[in-house]
Amino acid sequence: VFDRERSATLNYARVNVTVPGTHEAGQIERRSRGKSNDPAKYFMASDVVGYDTAPKFSNALSADIAARGGRVMLFVHGYNTGFDAAVYRVTQIAHDSGYPGTPVLFSWASGAKTRDYVYDRESASAARDQLEVTLRMLSQTGARRIDIVAHSLGTWVTMEALRQLAINGDRDLSGKLGDVVLASPDIDVDVFKSQMRRYGKPNK
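Numbering (my numbering), first residue to last: 4 to 207.
Printed below as a string of structure tokens:
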């Protein structure tokens with residue numbers, strides 16, 4: 004759906020993903036080249052729906068959040084992770100954890116190759132404003148709680164967005180910010196300390 008090219012604007016889509024009945028926790032069973040599409044064996048994406056405006060996406064998301072009880076898990080992927088891989092990862096995390104809410108992916112323009120770290124680092128920098136916008140949008144969907152799970156370089160994007168929210172006076176999204184999980188963080192310790200000094204002591 005989306006590639007490695009950076010965009011100055013946010014783009015929106017819904018992707019339905021099925022999890023195979025033989026799924027093992029922690030794994031993403033993906034079809035290898037030459038194998039047939041078999042949803043009984045592999046994670047499969049289907050029914051991709053694009054939204055040409057933010058309000059259309061927000062309305063659809065609001066309905067899903069309300070139907071699932073009012074919680075959102077926002078996943079921010081890391082380095083060397085393309086859109087397809089990120090879609091499957093957020094599905095796996097939500098499925099394996101039994102998350103009681105709506106999973107949402109914030110995907111930024113990773114080169115999706117090990118040699119593209121510098122490109123990914125700059126892409127992450129370019130995406131922080133858009134993540135802040137996304138978090139604000141989620142807080143206006145009727146969600147009562149927004150949890151964030153970020154991985155690798157996605158943790159830096161997340162901390163930068165939270166830092167910007169704090170600077171703009173809404174660091175906990177009007178009380179809706181829940182758990183923030185920084186998995187395998189790719190943040191220099193002194194940079195993290197600086198970000199936290201600006202963000203302040205968490206309320207929870």
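Glycine included, each C-beta is placed from N, C-alpha and C at the ideal position.
Just mark residue 248 as buried or exposed, buried being the case when its beta carbon has 16 or more other beta carbons within 10 Å.
-> Within the shown structure, residues of the chain are numbered from 4 to 207, placing residue 248 beyond reach of any answer.
Should residue 178 go down as buried or exposed, given a rule of 16 or more other Cβ atoms within 10 Å for buried?
-> exposed
Strand pairing of residue 150, partner residues [DSSP] = The partner list for residue 150 (beta bridge, DSSP) reads 76.
Kindly confirm or deny that the region 74-85 and the region 44-54 touch, where touching means at least three C-beta pairs closer than 8 Å.
-> In short, these stretches do not touch, since the Cβ pair count stays below three.
Taking all protein chains shown into account, do 16 or more other C-beta atoms lie within 10 angstroms of the C-beta of residue 51, making it buried, or fewer, making it exposed?
-> exposed
Use the C-beta contact count for residue 27: other C-beta atoms within 10 angstroms, 16 or more gives buried, fewer gives exposed.
-> Residue 27 should be labelled exposed.
Can the beta-carbon of residue 79 be found closer than 8 Å to that of residue 134?
-> Against a cut-off of 8 Å, the Cβ pair of residue 134 and residue 79 comes out as a contact.
Cβ pair count under 8 Å reaching 3, the region 10-22 against the region 85-96 | yes
Under three-state DSSP, which class holds residue 49?
-> strand
Tell whether a beta-carbon distance below 8 Å holds between residue 249 and residue 13.
-> Residue numbering for the chain in the displayed model covers 4 to 207; residue 249 lies beyond these limits and cannot be assessed.
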